[in-house]
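Participant:
Residue numbers (my numbering), protein chains in the order written: chain A, 201 to 570; chain B, 116 to 651; chain C, 4 to 343.
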């Protein structure tokens, strides 16, 4: 055996894969962990919106237009603790301004019930009717108030999560696949193909995105149905997004191509396909993952803004941005400031994804020593 | 020898890391007198660089200096100095030069301004006087064409020239002590010889004390008066250079000295047939010249009509400095990197025009080991996958267990434990990774291996082990090596024949001992002298 | 000399880009079914009660006069020629006025606001970045990083909504929805009172834009500076005996600034986009609301003109940024020059 005691170097003994190292470092990062929890909450809202929301997205409560949020109390009017309930409203006319206002009434007590039967909804193709919570005996519960058509804000917000997240994930996935394929192939194969791709990417990136999105939206046929518009809208968003990833990945591939372990793979006779699959892409995966976690919130913001302007998601689909469209009317906003509730969802999800992205990015360099 | 200029006493340094306190230097003491050169020798992790920075007061913010640490310079206790007092001292009475000339100068400012800065920091001086002084300094360090250099930027100078500028900067204010942290490690060997000669002359004329930090024993032997040997943060031996080299007392010092490459390869039988023959190889790069409008191009000839014959069981060395084209040539012969024009015959078959698909059957027989052990293994794959790749791609070993047996055999051959299989490259040291890289090459049972500076990035004692391993493998499997190196000492120990290259062309070639003992050309003579005598 | 050649090369590369942009802009005009004459037809029918058949001849004649019967490529060149040689971008369907009149001062206002917020934002970002890097892991760093983080994360239109709400109903401010108060609108000459009035109207745009704009720069500067501080030449600078301040500002910051300046072109894009977004929400008469209305009303000539102008100006802006970088960093000039 070789005498290794005199050597100046020593090896450590714990055997962790790259991703295990990343996970370890990520766990130590509080902001990243908080971000991940936030993302999980948002995602579960999207997946289980039917169950979590007491009402459907379009169900109208004609008796309560612009009704304010109802607070949950556990102190009965007579005093003493009781099961959580909300107070219903009486409509009163304010003697001074002759406006209708909603005043909480001690008569209309509606205790909360868990797992109530409500409107049907489908999840994974199966129809369910159980909702997480609701009012006793079908009493209306509007924890975040209602809008001008009597629709429950909380329910719409939860249903909107589905649409917004779905759009973001679709766009991100499509841009990821296109960007990766273009970026990796142009970086790896080089030559004229690479030159053409580079010019193409530069061309795409030189367009200012907001005006372009607005312009392309103007070109969309007006009378298509909501689902078709949704898909076309997503396609427009993908159009500019893939270029960033392609350019970054191309740069990384060019750098990795000349690293010795790739040359070693060529020297043992590995084919291009094998090299790309087993050597190049695994070393890009961290970059792609970080890009994805940053792109999701960007898409969410973009979709929210365009829907807010009225040119994004159309009825009967609902997203956070389209809910905020009602708030453009300043009169309505003053009458019902709770219409701004979706802002909270937007901010939380964007914060969460960005924190997750930051945490991942910091954790992705596990070879640096302390 | 005059009185003590610098006295370093009981220096201890710890670093506060995320995993706790790490001891870097423990209880180190030595003295330096005026006009004396003290070499601080050690391998990586010995703490020699940290010790140097303690003297200058330039440690990282997470460093914790021990209570008993005391640095006395010309009567003053530096350890008690404030930052302001240290700033006054740095650059004026104690100067420091660093290892990497490529990154030691700020890329945004001109040479003249950067050298002038150190003078201005400590003296009030007029612009005209400043320029005159800077010019004088550049002349003193024998920088060619100093007037033009004043207005040039660092990226316009070569490594050796930049190091001269660093020396000029260090000497600008006539310091009493110069600390040189591996000043020539990153330079070509002939340049190193000139820089060391320069330092020696300047030291004499300025009567400076010099602390020379290095890992290169030949440099120590040629330049220093006294030596301090460090290992794992502690001093293991100290004394006069001559004494240490003749009669080392500590086991580590003995081990270090005995790690210098030695021995000669056993001769190859006359009848050995040629295995790899490359004739008149020529590799050209086409560079566009001029601005956008000129169609003119220049041909950069990286390899100009180079031929080599490697017989079975023979090791041929290709020696040259940076830019000589030796790596380009080597890679082109085995079909990696640039294509070249001359015929290449392997075991009777012409292979130079084959495309990647046609070259595949030859791959297991022709292998390569790269220079940098840190980038030649895919960090995302475990060792087993890395070693297995060649077997899978070439269909060697029908089942996983057959392949496993072959891999384990390869690990035995390079003397690495079997439990390395499930580990990742980052868990191993440089020397161990190089063994694994060699294992990857030999698991395919090649006949010919191209070795591109396989020991250059390793510590001296590790280097000795790898050389031993390569010898052992060659003798056992009758391997042929094409060994690229800039280190003549290693070449002498391993190679039967050697080819000397410069700027793409062959300068001289022949049996190793002939070329090294009786070099025929001027360049080879300079190279040999720089490698073995070290100082020009 | 190298500098001029570099500039020339960059300009030449930009020309195909501009041509491509103009093609896309024109494509917008023709992508919507129905052309200018159809639009005129429906307007006239509605206004005069005449039928399509009766107006057909006039419509045909108009088509020929405007060149709308020619091939697409031909139309493109007519359109381009109009722009390049006479500054004529066509007619707005909605306002029945030349596009240039409709756009009017909106474009320079948008650009001006974007430029101001860019400069201020970058300055603040650089300073905050330096501060955060030099106080790493201390309270100052955490605060600066948080400020930057929220600047990136909180959507501009949300901030605009909130400020709008506050201005309308909490502060009862009258400075909404316009650029000047009535008394200053007609005032031609410059006065400090007028400038202050302008400021009172646009401060939300400046505030939100600057906060969003500095965010990315702060983080980038912080990261860069931390990297640069580990460079060898910083150690050299310290070894020269320079003070901490000199080492930081003369050696570290200029090198850390390099990527920030390289990014300036992209930042300008971002600022223009941000200004548009905020202006749409707050109803301030710059380009934003005009873009939106021309989208909803399919006023294609206006839309394509705005698109062409903004894209073109951004390309020019990037060019200027590259040029500034080449001035500052000698390596850029040399590398481009010798690489060919």
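Note that the Cβ used here is the ideal one computed from N, Cα and C, for glycine as well.
Using the DSSP secondary-structure output, state which residues sit across from residue 211 of chain B in a beta bridge.
Facilitator: The partner list for residue 211 of chain B (beta bridge, DSSP) reads B:294.
Participant: Using C-beta distances below 8 Å, list every residue in its chain close to residue 14 of chain C, excluding the 5 sequence neighbours before and after it, in chain order.
Facilitator: Closer than 8 Å at the Cβ level, and outside the excluded window around residue 14 of chain C, lie 322.
Participant: Rounded to the nearest angstrom, how far is the Cβ of residue 418 of chain B from that of residue 455 of chain B, given a contact under 8 Å?
Facilitator: Right, their Cβ atoms sit about 6 Å apart.
Participant: Could you say which of A:232, A:265, A:544, A:556 lies nearest to residue 535 of chain A if we only look at CA atoms?
Facilitator: Comparing Cα-Cα distances from residue 535 of chain A to each of A:232, A:265, A:544, A:556, the minimum goes to A:265.
Participant: Just verifying my parser: in three-state terms, what is the DSSP assignment at residue 625 of chain B?
Facilitator: In this structure, residue 625 of chain B counts as strand in the three-state DSSP scheme.
Participant: Taking only runs that begin and end inside the stretch 388-419 of chain A, name each unbroken alpha helix (DSSP H) of 4 or more residues, in chain order.
Facilitator: If we require 4 residues or more, the alpha helix (DSSP H) runs fully inside the stretch 388-419 of chain A come out as 391-405, 409-419.
Participant: Based on the DSSP output, what are the partners of residue 515 of chain B in its beta bridges?
Facilitator: For residue 515 of chain B, which the question treats as bridged, DSSP gives no partner whatsoever.
Participant: Rounded to whole angstroms, what's the CA-CA distance from residue 435 of chain A to residue 514 of chain B? Just pull it up for me.
Facilitator: The alpha-carbon atoms of residue 435 of chain A and residue 514 of chain B are separated by roughly 47 Å.
Participant: Please determine if the stretch 506-520 of chain B and the stretch 481-495 of chain A are in contact, where contact requires at least 3 C-beta pairs separated by less than 8 Å.
Facilitator: No, they do not touch.
Participant: Residue 218 of chain A touches chain B at which residues, Cβ-Cβ below 8 Å?
Facilitator: Correct list: 494, 495, 539.
Participant: Report the rounded CA-to-CA distance for residue 173 of chain C versus residue 531 of chain A, giving the unit in angstroms.
Facilitator: Each residue's alpha carbon lies about 14 Å from the other.
Participant: Between residue 408 of chain B and chain A, is any beta-carbon pair separated by less than 8 Å?
Facilitator: Its pLDDT being 48, under 50, residue 408 of chain B is placed unreliably in this model, and the value from its coordinates should be taken loosely. Cβ-Cβ to chain A under 8 Å: no for residue 408 of chain B.
Participant: At which residues does the alpha helix (DSSP H) containing residue 575 of chain A begin and terminate?
Facilitator: No answer is possible for residue 575 of chain A: the residues shown for chain A start at 201 and end at 570.
Participant: For a minimum of 4 consecutive residues, which ranges assigned as the alpha helix (DSSP H) are wholly contained in the stretch 209-247 of chain C?
Facilitator: Qualifying alpha helix (DSSP H) stretches, in chain order: 235-242.
Participant: Please list the partners that residue 317 of chain C has in chain A, where partner means a Cβ-to-Cβ separation under 9 Å.
Facilitator: The answer, in chain order, is 406, 407, 408.
Participant: Would the stretch 202-219 of chain C count as touching the stretch 156-169 of chain B if we require 3 or more Cβ pairs under 8 Å?
Facilitator: Segments in contact, no.
Participant: Put residue 319 of chain A into one of helix, strand or coil per three-state DSSP.
Facilitator: Three-state result, residue 319 of chain A: strand.
Participant: Hey, does residue 227 of chain C have any beta-carbon neighbour from chain B nearer than 8 Å?
Facilitator: No, residue 227 of chain C does not count as interfacial toward chain B.
Participant: In chain B, which residues lie less than 8 Å from residue 226 of chain A when you measure between Cβ atoms?
Facilitator: The contacting residues do not exist; residue 226 of chain A stays about 14 Å from chain B at best.
Participant: Give me the Cα-Cα distance between residue 290 of chain C and residue 178 of chain B, rounded to the nearest whole angstrom.
Facilitator: Roughly 56 Å between the two C-alpha positions.
Participant: Can you find at least 3 beta carbon pairs, one from the stretch 384-392 of chain A and one from the stretch 507-519 of chain A, that sit closer than 8 Å?
Facilitator: Too few Cβ pairs lie closer than 8 Å, so no.
Participant: Can you give me the C-alpha to C-alpha distance between residue 474 of chain B and residue 573 of chain B, rounded to a whole angstrom?
Facilitator: Using only the alpha carbons, I get a separation of about 32 Å.
Participant: Going by C-alpha to C-alpha distance, which of C:228, C:26, C:250, C:251 sits closest to residue 3 of chain C?
Facilitator: Nothing can be reported for residue 3 of chain C, as the shown portion of chain C is limited to 4 through 343.
Participant: Between residue 486 of chain A and residue 216 of chain C, what straight-line distance do the alpha-carbon atoms span, to the nearest angstrom?
Facilitator: One C-alpha to the other measures close to 27 Å.
Participant: Quick check on residue 582 of chain B: does DSSP put it in helix, strand or coil?
Facilitator: In this structure, residue 582 of chain B counts as helix in the three-state DSSP scheme.
Participant: Using DSSP bridges, identify the partner residues of residue 341 of chain B.
Facilitator: For residue 341 of chain B, which the question treats as bridged, DSSP gives the partners B:153, B:355.
Participant: Under 7 Å Cβ to Cβ from residue 284 of chain C, same chain only, skipping five residues before and after it: list those, please.
Facilitator: Once the five neighbours on either side are set aside, the close Cβ partners of residue 284 of chain C are 160, 163, 164, 167.
Participant: Take residue 309 of chain A as the anchor and find which of A:529, A:503, A:496, A:285 has the nearest alpha-carbon.
Facilitator: With distances taken between Cα atoms, residue 309 of chain A lies closest to A:285.
Participant: So for residue 574 of chain B, helix, strand or coil by DSSP?
Facilitator: Here residue 574 of chain B sits in coil by DSSP.
Participant: Assuming the contact rule is C-beta atoms closer than 8 Å, residue 220 of chain B and residue 229 of chain B should be a hit. Round their C-beta distance to whole Å, please.
Facilitator: About 6 Å; that satisfies the 8 Å criterion.
Participant: Applying the criterion that 16 or more other CB atoms from any shown protein chain within 10 Å of the CB defines a buried residue, is residue 186 of chain C buried or exposed?
Facilitator: Its Cβ having fewer than 16 others within 10 Å, residue 186 of chain C is exposed.
Participant: Give a yes or no on whether 8 Å exceeds the smallest Cβ distance from residue 206 of chain B to chain C.
Facilitator: Yes, residue 206 of chain B counts as interfacial toward chain C.
Participant: Give me the Cβ distance between residue 239 of chain A and residue 553 of chain A, rounded to the nearest whole Å; I'm assuming they're in contact under 8 Å.
Facilitator: The pair is a contact, with the Cβ atoms about 6 Å apart (cut-off 8 Å).
Participant: If I measure Cβ to Cβ from residue 250 of chain A and keep anything under 6 Å in the same chain, skipping five residues before and after, which residues do I get?
Facilitator: Once the five neighbours on either side are set aside, the close Cβ partners of residue 250 of chain A are 321, 323.
Participant: Do residue 604 of chain B and residue 646 of chain B count as a contact pair if the criterion is CB distance below 8 Å?
Facilitator: Contact: yes.
Participant: Answer with buried or exposed for residue 479 of chain A, where buried requires no fewer than 16 other C-beta atoms within 10 angstroms of its C-beta.
Facilitator: Answer is buried; the Cβ neighbour count reaches 16.
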